[in-house]
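See structure below.
Chains as they are written, first to last, in my numbering: chain A, 2 to 212; chain B, -19 to 232.
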């Protein structure tokens, strides 16, 4: 049995996620796969994503992976990253498309013409290292300092209907949700695989997590 | 709050990191994998590799370097130099790059930027612009390592690249590159104010105040520097501490 399956639906590059997981779990069998049966049988599943949400949804369905991903999100340790977080929700403003609907809520775009306290323009995509403020003491935060910085690159953010799902928030300049969890599922807007020590710690916590 | 990024830049040729003055007079600075590891330890926010030979017989070298760095360093890696087709973007991403920087080929074929962004997402497409001042308040885009004038206005070109799907602009002042007298702040401010996407200021850093000025006066979202880090004048950590004392948000 595969220990960690990284879902590959043909959008963007999964090499960084794979390398980082291998680094924190050298003994584990980590595979990048577009095979639904491998995802169904894997011990845990990582659902990453890059690019535009309509393309991601289309490519996921083109590979027949929708049901395998939804089942994994309900049944086994599951980590969504970036678009992999956004796709779990019901609807995205990006291309006005439906998501997988595993979690209730919307995906919204950052406002245009945002400014910081000095009056400088805040750019979209929100790109770079921002502070992640834990809203809970979830096991995936073990050993990670409150307000540690993680690497983000995104133009859309999630707004869960059920606020008890919220595990962390960031500011740009308003607060937005950057991590959610529900039972066996944890999903983040930032890229742990590119967030140096803090990110590797989160991935290590995930591969050891027994919800 | 979002931190301003400090990005050491490694110009690579024949498997070594080098640094020139205004794109010529190369000086050896060491092994790219070793240098990348050192900057990661010092707290670099990203790393940029520019393959400055980029001739086809040398292409294998940069792939091997990126593969080695990506297996040890878990921060964003940008690679540029010699990117001509979408397949070049794919090969660099597969080697472990997170972003690919496109310069001359974007001018020769702007559709490349749209195709690459459409296929892999804007977040991994950086358009590099080499700018030279041609009149008061006016800068022109140059290509081919700064040797060829294009007639394109820098602000118009940057806006066009934003529309085509660039996720970020790497803006280098050719007038300042290697001169160590600071970024072209007027150029940086002009471009960053004109765009919605982040701008990385590059070219001319000689001391830590220059880095701070790029953010506070130039309005840059990130600052890129090479020689001040390569030759041991300053560490990335020192640069960040200095910027923090100037009230700039950084990742310490």
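Glycine included, each C-beta is placed from N, C-alpha and C at the ideal position. The structure displayed is predicted, hence computed values, not measured ones.
Report task. State yes or no: is the C-beta of residue 58(B) within less than 9 angstroms of the C-beta of residue 92(B)? Result -> no
**Report entry** Same chain only: Cβ atoms within 6 angstroms of residue 74(A), ignoring 5 sequence neighbours per side
**Finding:** 103 and 186
Query raised in the report: residue 79(B): buried (16+ other C-beta within 10 angstroms of its C-beta) or exposed?
Result: buried
Query raised in the report: Taking DSSP as the reference, what is the three-state secondary structure of residue 53(A)?
Result: coil
Report task. Over the uninterrupted beta strand (DSSP E) stretch that includes residue 130(A), give me the two end residues. Result -> 127 to 132
Query - Cα-Cα separation, residue 109(B) to residue 209(A) - result: 45 angstroms
**Report entry** Those residues which DSSP pairs with residue 214(A) across a bridge
**Finding:** Lying before the first or after the last residue shown, residue 214(A) is absent from chain A, which here runs from 2 to 212.
Requested in this report: Could you round the C-beta distance between residue 52(A) and residue 84(A) to whole angstroms and report it? I think they count as a contact, below 8 angstroms.
Outcome: 7 angstroms
Query raised in the report: Along the chain, where does the alpha helix (DSSP H) that runs through residue 202(A) open and close?
Result: 197 to 209
Query raised in the report: Listed in chain order, which residues of the segment 144 to 167 of chain B have Cβ atoms closer than 9 angstroms to some Cβ of chain A?
Result: 147 and 148
**Report entry** Beta-carbon proximity check, residue 18(B) vs residue 9(B), cutoff 9 angstroms
**Finding:** no
Query raised in the report: Quick one: is residue 160(A) buried, meaning 16 or more other Cβ sit within 10 Å of its Cβ, or exposed?
Result: exposed
Query raised in the report: Name the chain A residues that come within less than 8 angstroms of residue 120(B), Cβ to Cβ?
Result: The premise fails here: residue 120(B) is roughly 24 angstroms from chain A at the closest Cβ pair, so nothing lies under 8 angstroms.
Requested in this report: Take the Cβ of residue 190(B) as the centre, count every other Cβ of all protein chains shown within 10 Å, and call the residue buried at 16 or more, exposed below.
Outcome: buried
Requested in this report: Identify every residue that forms a DSSP beta bridge with residue 167(A).
Outcome: 181(A)
**Report entry** Counterpart residues of residue 119(B) in DSSP-defined beta bridges
**Finding:** 113(B)
Query raised in the report: If you draw a straight line from the C-alpha of residue 1(A) to the C-alpha of residue 49(B), how long is it?
Result: This structure gives no information on residue 1(A), because the portion of chain A shown stretches from 2 to 212.
Query raised in the report: In three-state DSSP terms, what is residue 139(A)?
Result: coil
Query raised in the report: What runs of the beta strand (DSSP E), each 3 residues or longer, lie entirely inside the segment 62 to 106 of chain B?
Result: 79 to 82
Report task. Kindly list, in the order they appear in chain B, the residues whose Cβ is closer than 8 angstroms to that of residue 194(A). Result -> 54
Query raised in the report: Nearest to residue 178(A) by CA position, among 158(A), 192(A), 162(A) and 3(A), is which residue?
Result: 158(A)
Requested in this report: Under 7 angstroms Cβ to Cβ from residue 52(B), same chain only, skipping five residues before and after it: list those, please.
Outcome: 17
Requested in this report: Tell me whether residue 90(A) sits in a helix, a strand or coil according to DSSP, three-state version.
Outcome: coil
Query raised in the report: Should the segment 131 to 145 of chain A be regarded as contacting the segment 207 to 223 of chain B, the criterion being three or more beta carbon pairs within less than 8 angstroms?
Result: no
Query raised in the report: At least one CB of chain A closer than 9 angstroms to the CB of residue 225(B): is that the case?
Result: no
**Report entry** Bridge-paired residues (DSSP) for residue 182(B)
**Finding:** 152(B)
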